[in-house]
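Enquirer: Each residue of the sequence shown is one higher than the last, beginning at 75 in my numbering. In this text, a Cβ means the ideal position worked out from N, Cα and C, and glycines have one as well. This is the structure, below, for whatever I ask next.
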Amino acid sequence: MYILNPKIKKPLHIQLFEELKKDIISNYTIDQKLPSIRKISSSYNISKNTVETAYSQLIVEGFINSRPKSGYYVINTNTSNFKISKQINDKNIEVNIIKYDFAPAKLEKDSFPLKTWKRVFNKVIDNQINLGEYTNNQGELGLRVQIAKYLNHSRAVKCNENQIILGNGFADCMSLLAMILKEDFDTLAIEEPGYHVARKVFENHSYNINRININKDGIDIKQLEYSKSKLVYITPSHQYPTGVSIPISNRFKLLDWAKRKNAFIIEDDYDSELTYQNRPIPSLQGLDEEERVIYIGTFSKALSPSLRVSYLVLPNTLLDKFKKDFSYHGARVCLTTQKVLEEFIKKGHWDKHLRKIRTLNKKKHNLMYKLLKEKLKNTIKIESQGGGLAILINPSVPFNWNKLIKLSKEESLKLYFAKTRSGDNWQAIMMGFGGLQENEIEDAIDIFSQIWFKSII
Numbered sequence: 075m076y077i078l079n080p081k082i083k084k085p086l087h088i089q090l091f092e093e094l095k096k097d098i099i100s101n102y103t104i105d106q107k108l109p110s111i112r113k114i115s116s117s118y119n120i121s122k123n124t125v126e127t128a129y130s131q132l133i134v135e136g137f138i139n140s141r142p143k144s145g146y147y148v149i150n151t152n153t154s155n156f157k158i159s160k161q162i163n164d165k166n167i168e169v170n171i172i173k174y175d176f177a178p179a180k181l182e183k184d185s186f187p188l189k190t191w192k193r194v195f196n197k198v199i200d201n202q203i204n205l206g207e208y209t210n211n212q213g214e215l216g217l218r219v220q221i222a223k224y225l226n227h228s229r230a231v232k233c234n235e236n237q238i239i240l241g242n243g244f245a246d247c248m249s250l251l252a253m254i255l256k257e258d259f260d261t262l263a264i265e266e267p268g269y270h271v272a273r274k275v276f277e278n279h280s281y282n283i284n285r286i287n288i289n290k291d292g293i294d295i296k297q298l299e300y301s302k303s304k305l306v307y308i309t310p311s312h313q314y315p316t317g318v319s320i321p322i323s324n325r326f327k328l329l330d331w332a333k334r335k336n337a338f339i340i341e342d343d344y345d346s347e348l349t350y351q352n353r354p355i356p357s358l359q360g361l362d363e364e365e366r367v368i369y370i371g372t373f374s375k376a377l378s379p380s381l382r383v384s385y386l387v388l389p390n391t392l393l394d395k396f397k398k399d400f401s402y403h404g405a406r407v408c409l410t411t412q413k414v415l416e417e418f419i420k421k422g423h424w425d426k427h428l429r430k431i432r433t434l435n436k437k438k439h440n441l442m443y444k445l446l447k448e449k450l451k452n453t454i455k456i457e458s459q460g461g462g463l464a465i466l467i468n469p470s471v472p473f474n475w476n477k478l479i480k481l482s483k484e485e486s487l488k489l490y491f492a493k494t495r496s497g498d499n500w501q502a503i504m505m506g507f508g509g510l511q512e513n514e515i516e517d518a519i520d521i522f523s524q525i526w527f528k529s530i531i
């Protein structure tokens with residue numbers, strides 16, 4: 075029996091999601107089937123849309139997956155052995171103090187344009203918002219217009235506002251996309267190494283995964299051809315995590331592959347705004363004449379990850395399918411956030427902020443690059459630099475990874491590891507600078523260099 079209260083502020087789909095999650099953790103076993111959407115809707119007198127939204131969130135968080143024409147099942151997330159704690163004693167909570175966090179996708183607190191955002195927020199609340207109406211299921215039209223204009227002139231993306239769908243972050247957009255494509259595709263080709271969140275979201279929607287190796291020119295197109303996949307996820311302008319870019323000749327080969335195979339390419343343009351040495355590379359979507367590219371972008375890397383605003387640009391064929399079968403999904407972005415962001419872009423604050431954030435992060439990037447070269451000398455190879463929020467390094471000498479991990483914890487450093495080629499083991503470290511202040515970087519690299527040399531065999 076789930077406790078749902080329509081009179082409280084918390085939306086019903088969130089209440090249901092939380093009740094289902096507790097039930098799964100406490101009472102369900104792996105591969106056990108959940109009640110149908112129709113049954114829960116009928117039993118609790120709530121809409122099917124509410125139940126579908128709750129189930130979608132369970133899929134995104136890895137608790138369940140959907141099986142075509144069968145239903146929803148609990149998957150192996152190791153949650154079946156957990157018990158819900160009845161009481162939490164905050165005296166027993168341990169807080170790990172991190173001195174320096176080398177997160178590869180984090181922004182420092184002071185980089186957010188708080189004063190401007192507050193001013194725009196107050197204007198929107200006072201004059202431009204109607205909290206008595208539902209939001210547009212694709213996202214507010216005004217914001218979509220501003221995003222389309224920005225993409226047209228900065229990323230050469232060919233689209234209009236009608237093709238844009240807003241989502242509550244990257245995973246939410248990818249989850250919606252997986253649902254839209256599920257009827258026609260059952261396999262996703264993905265870069266190896268690549269972004270694990272993209273893989274995990276599609277796995278949770280019961281897709282098979284084909285891992286395609288990365289080489290010096292990005293994804294291996296010959297291997298993609300042999301894989302017989304007709305759907306591929308790529309990061310062509312700044313591959314994650316290696317940083318390589320797909321050259322123009324290979325971009326046309328990818329588009330030719332998509333045309334011949336009647337396939338789709340999912341282009342994740344996740345940190346295209348943050349390039350420090352060359353002009354940003356135009357999008358793959360902008361070269362597409364056959365509407366075979368699905369574009370995904372975000373405001374997380376240059377503005378704020380906590381706003382949770384990402385977006386899809388769908389080809390018209392998929393847009394028709396969204397409107398026909400998934401219009402219930404809705405843009406799960408707060409109306410206030412949408413209206414403030416619209417005004418923020420329209421008044422030129424976004425372009426001004428981008429110039430500032432590029433300058434700030436270019437300084438931090440160049441400083442970290444210089445210090446890594448000076449202090450670690452020939453014991454490292456710098457695999458990727460020149461863009462994004464991290465520099466990728468790996469050891470060029472025999473190295474004890476376990477010792478580095480142990481010493482980093484002792485020194486209160488938080489490190490992030492990555493693979494630069496296929497295989498199960500780490501081969502590199504993502505040295506994030508975005509979340510560090512410029513005056514912290516030298517001390518952070520000093521401490522890191524000490525534990526680095528202690529870890530060399």
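Just to confirm the assignment, what range does the alpha helix (DSSP H) spanning residue 414 have?
Expert: Position 340 of the sequence shown, counted from the start, is the residue given in the question as residue 414. First-last of the alpha helix (DSSP H) with residue 414: 409 to 420.
Enquirer: Let's see if you can read the secondary structure: which residues bound the beta strand (DSSP E) around residue 258?
Expert: For the purposes of this step, residue 258 is taken as residue 184 along the sequence shown, with counting starting at 1. Careful: residue 258 lies outside any beta strand (DSSP E) and carries neither H nor E.
Enquirer: Residue 267 and residue 292 - do their beta-carbons sit closer together than 9 Å?
Expert: Within the sequence shown, the letter at position 218 stands for residue 292. Within the sequence shown, the letter at position 193 stands for residue 267. Cβ atoms of residue 292 and residue 267: not closer than 9 Å.
Enquirer: By Cβ distance, which residues of its chain are closer than 7 Å to residue 128, with the 5 residues on each side in sequence left out?
Expert: Start at 1 with the first residue of the sequence shown, and residue 128 comes out as number 54. Closer than 7 Å at Cβ, skipping near neighbours: 87, 90, 91, 94.
Enquirer: Have a look at 277, 299, 280 and flag the residue whose alpha-carbon is nearest the alpha-carbon of residue 286.
Expert: What you label residue 286 is simply residue 212 of the sequence shown in a count that begins at 1. When each option's Cα is compared against that of residue 286, the closest is 299.
Enquirer: Which residues in the same chain as residue 116 place their Cβ atom closer than 8 Å to its Cβ, once the five residues preceding and following it in sequence are excluded?
Expert: Position 42 of the sequence shown holds residue 116. Result list for residue 116: empty, nothing under 8 Å.
Enquirer: In terms of alpha-carbon separation, which member of 301, 312, 318, 314 lies closest to residue 290?
Expert: Against the sequence shown, residue 290 aligns to sequence position 216. For residue 290, the nearest C-alpha among the options comes from 318.
Enquirer: What is the DSSP secondary structure of residue 305, reduced to helix, strand or coil?
Expert: What you label residue 305 is simply residue 231 of the sequence shown in a count that begins at 1. DSSP places residue 305 in strand when its eight states are reduced to three.
Enquirer: Let me know the secondary structure DSSP gives residue 491 once reduced to three states.
Expert: As a working note, residue 491 is residue 417 in the sequence shown. Strand at residue 491.
Enquirer: Between residue 76 and the rest of its own chain, which residues show a CB-CB distance below 6 Å, the 5 nearest in sequence each way excluded?
Expert: Counting from one through the sequence shown, the residue named residue 76 turns up at place 2. Only 93 meet the Cβ criterion.
Enquirer: Around the Cβ of residue 156, are there at least 16 other Cβ atoms within 10 angstroms (buried) or fewer (exposed)?
Expert: On the sequence shown, position 82 is the one that residue 156 refers to. Its pLDDT being 47, under 50, residue 156 is placed unreliably in this model, and the coordinates cannot settle the point.
Enquirer: Any idea what DSSP makes of residue 228, helix, strand or coil?
Expert: Position 154 of the sequence shown, counting from 1, holds the residue named residue 228. Here residue 228 sits in helix by DSSP.
Enquirer: How is the beta strand (DSSP E) around residue 289 delimited, first residue to last?
Expert: Sequence index remark: in the sequence shown, residue 289 carries index 215 (1-based). Note, residue 289: beta strand (DSSP E), 282 to 289.
Enquirer: Whose C-beta lies closer than 8 Å to the C-beta of residue 121 among residues of the same chain, with five residues either side of it excluded?
Expert: For the purposes of this step, residue 121 is taken as residue 47 along the sequence shown, with counting starting at 1. Excluding residues within five positions, the ones whose Cβ falls inside 8 Å are 115.
Enquirer: Going by beta-carbon coordinates alone, are residue 220 and residue 370 separated by less than 9 Å?
Expert: Numbered from 1 along the sequence shown, position 146 holds the residue referred to as residue 220. Numbered from 1 along the sequence shown, position 296 holds the residue referred to as residue 370. Cβ distance not < 9 Å, so residue 220 and residue 370 don't count as in contact.
Enquirer: Would you call the CB atoms of residue 347 and residue 432 closer than 9 Å?
Expert: Translated into the one-based positions of the sequence shown, residue 347 becomes position 273. Translated into the one-based positions of the sequence shown, residue 432 becomes position 358. The answer is yes: Cβ separation under 9 Å.
Enquirer: With burial defined as no fewer than 16 other Cβ atoms inside 10 Å of the residue's Cβ, what is the status of residue 326: buried or exposed?
Expert: To locate residue 326, count along the sequence shown from 1; it is residue 252. Exposed, since its Cβ has fewer than 16 Cβ neighbours within 10 Å.
Enquirer: Measuring alpha carbon to alpha carbon, tell me which of 454, 387, 491, 508 ends up nearest residue 224.
Expert: Here residue 224 corresponds to residue number 150 of the sequence shown, with the count starting at 1. That would be 387, whose Cα lies nearest to the Cα of residue 224.
Enquirer: How far does the alpha helix (DSSP H) with residue 454 in it extend, from its first residue to its last?
Expert: Sequence index remark: in the sequence shown, residue 454 carries index 380 (1-based). Unbroken run through residue 454 is the beta strand (DSSP E), 454 to 458; no alpha helix (DSSP H).
Enquirer: Using only CA atoms, which one of 486, 481, 189, 467 lies nearest to residue 492?
Expert: Against the sequence shown, residue 492 aligns to sequence position 418. Considering only alpha carbons, the answer is 467.
Enquirer: Would you report the Cα separation of residue 446 and residue 490, rounded to the nearest angstrom?
Expert: Reading the sequence shown from its first residue, position 372 is the one you call residue 446. Reading the sequence shown from its first residue, position 416 is the one you call residue 490. Whole-angstrom Cα-Cα distance: 16 Å.
Enquirer: Rounded to a whole number of angstroms, what is the C-alpha to C-alpha distance between residue 480 and residue 474?
Expert: As a working mapping, residue 480 is identified with position 406 in the sequence shown. As a working mapping, residue 474 is identified with position 400 in the sequence shown. Each residue's Cα considered, the two are about 10 Å apart.
Enquirer: Tell me which residues share the same chain as residue 182 and place their Cβ nearer than 6 Å to its Cβ, disregarding the 5 neighbours each side in the sequence.
Expert: Counting from one through the sequence shown, the residue named residue 182 turns up at place 108. For residue 182, where only same-chain residues beyond five positions count, the Cβ hits under 6 Å are 509, 511.
Enquirer: In whole angstroms, give me the CA-to-CA distance for residue 145 and residue 276.
Expert: Position 71 of the sequence shown, counted from the first residue, corresponds to residue 145. Position 202 of the sequence shown, counted from the first residue, corresponds to residue 276. Roughly 17 Å between the two C-alpha positions.
Enquirer: With a threshold of 6 Å on Cβ separation, who are the neighbours of residue 153 within its own chain once the five nearest residues in sequence on each side are excluded?
Expert: Your numbering for residue 153 matches position 79 in the sequence shown. Low confidence applies here, because residue 153 scores a pLDDT of 49, under 50, leaving its location unreliable; read the following figure in that light. Same-chain partners within the cutoff: 99.
Enquirer: For residue 371, write down the residues that DSSP places opposite it in a beta bridge.
Expert: Here the question's residue 371 lines up with position 297 in the sequence shown. Answer is 385.
Enquirer: Please return the same chain residues whose Cβ sits closer than 7 Å to the Cβ of residue 178, not counting the five positions on each side in sequence.
Expert: To locate residue 178, count along the sequence shown from 1; it is residue 104. So the qualifying residues of the chain are 463, 464, 490, 504, 506.
Enquirer: Please return the same chain residues whose Cβ sits closer than 6 Å to the Cβ of residue 389, not counting the five positions on each side in sequence.
Expert: Against the sequence shown, residue 389 aligns to sequence position 315. Correct list, in chain order: 365.
Enquirer: Spatial neighbours of residue 197 within its chain, please: C-beta separation below 8 Å, excluding the five flanking residues on both sides.
Expert: Position 123 of the sequence shown holds residue 197. Same-chain partners within the cutoff: 417.
Enquirer: When DSSP labels each residue in this structure, what does residue 473 get in the three-state scheme?
Expert: Taking the first residue of the sequence shown as position 1, residue 473 is located at position 399. Of the three classes helix, strand and coil, the one that applies to residue 473 here is strand, per DSSP.
Enquirer: Could you check the C-alpha separation between residue 33 and residue 302 for me, to the nearest Å?
Expert: The requested residue 33 is not part of the displayed model; the chain covers only 75 to 531.
Enquirer: Measuring alpha carbon to alpha carbon, tell me which of 442, 525, 451, 103 ends up nearest residue 477.
Expert: In the sequence shown, the residue the question calls residue 477 occupies position 403. The residue with the shortest Cα to Cα distance from residue 477 is 525.
Enquirer: Let me make sure I understand the geometry here. Which of 355, 350, 334, 255 has the alpha-carbon closest to that of residue 307?
Expert: The residue you call residue 307 lines up with position 233 of the sequence shown. The residue with the shortest Cα to Cα distance from residue 307 is 255.
Enquirer: Judging by CA-CA distance, which residue of 282, 244, 258, 279 is the nearest neighbour of residue 269?
Expert: For the purposes of this step, residue 269 is identified with residue 195 of the sequence shown, where counting begins at 1. Taking only the C-alpha atoms, the option nearest residue 269 is 244.
Enquirer: Select from 513, 382, 123, 399 the residue whose C-alpha is nearest the C-alpha of residue 85.
Expert: Within the sequence shown, the letter at position 11 stands for residue 85. Ranking 513, 382, 123, 399 by Cα distance to residue 85 puts 123 first.
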